[in-house]
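Residue numbers (our numbering): 24 to 222. We put the CB at the ideal spot given by N, CA and C, even for glycine. All figures in this text were calculated on a predicted structure; none of them were measured in a lab. Note sheet for the following structure.
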């Protein structure tokens, strides 16, 4: 899921800044739903792991009858929020498993994603046969990496994407023994083009 996301090279840099800067760390919540907030002179990082809250914020329904795939003993969802002055990144995601086929899951989420605009189907960094190569807002299959939804494979079998390069929803789907494993992701990313123009 999100912990294996290859967004861009700035995430490791952001984490390094947090590690070397003077910072304060606050933890809230029970053992089952812990939130962490790190504050530094350069910016803040917040992590939420409350499954119900994170999933409701993703903006996509959970596929009927599916079960959450927990990334540790308690949590199956994460909401990561990084802020460095005007630079802001937010990634929310959760992974699920169902006994239904990948085709059924894909059909269900193609319809659900449609309320956000055009939906493109990606296999790797390429658009699947018959799918547009970009959304009307300019999002392509090669934008912002790909999302792994298992511990054994590097890339999902297929991704459905909608939105723009800065605000998007992604559903990553792969065949799993006896069914399908899928990840729901919502991303808010900085507009790198605008930042370059202002330099």
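Among the options, nearest to residue i - alpha-carbon criterion
i: residue 146; options: 157, 164 and 136; result: 164
i: residue 102; options: 115, 209 and 191; result: 115
i: residue 194; options: 69, 122, 111 and 84; result: 84
i: residue 121; options: 190, 141 and 88; result: 88
i: residue 178; options: 74, 130, 192 and 199; result: 199
i: residue 138; options: 151, 154 and 191; result: 191
i: residue 75; options: 99, 68, 157 and 159; result: 99
i: residue 159; options: 209, 184 and 208; result: 184
i: residue 208; options: 105, 113 and 69; result: 113
i: residue 132; options: 214, 152 and 86; result: 86
i: residue 186; options: 109, 119, 73 and 136; result: 136
For residue i, the first and last residue of its enclosing beta strand (DSSP E)
i: residue 104; result: 100-107
i: residue 209; result: 202-211
i: residue 199; result: 190-199
i: residue 115; result: 110-121
Beta-carbon gap between residue i and residue j smaller than 9 Å
i: residue 125; j: residue 197; result: yes
i: residue 180; j: residue 111; result: no
i: residue 134; j: residue 162; result: no
i: residue 143; j: residue 117; result: no
i: residue 155; j: residue 166; result: no
i: residue 71; j: residue 78; result: no
i: residue 104; j: residue 157; result: no
Start-to-end residues for the alpha helix (DSSP H) that takes in residue i
i: residue 136; result: 125-136
i: residue 78; result: 74-81
For residue i: DSSP bridge partner residues
i: residue 145; result: 150 and 182
i: residue 163; result: 157
i: residue 85; result: Residue 85 is not bridged to any residue.
i: residue 91; result: 119
(message) Would you call the stretch 199-218 in contact with the stretch 82-92, where contact means no fewer than 3 C-beta pairs closer than 8 Å?
(response) Enough Cβ pairs lie closer than 8 Å, so yes.
(request) Please confirm if the stretch 118-133 is in contact with the stretch 147-163, defined as three or more CB-CB distances below 8 Å between the two stretches. (result) Touching, no.
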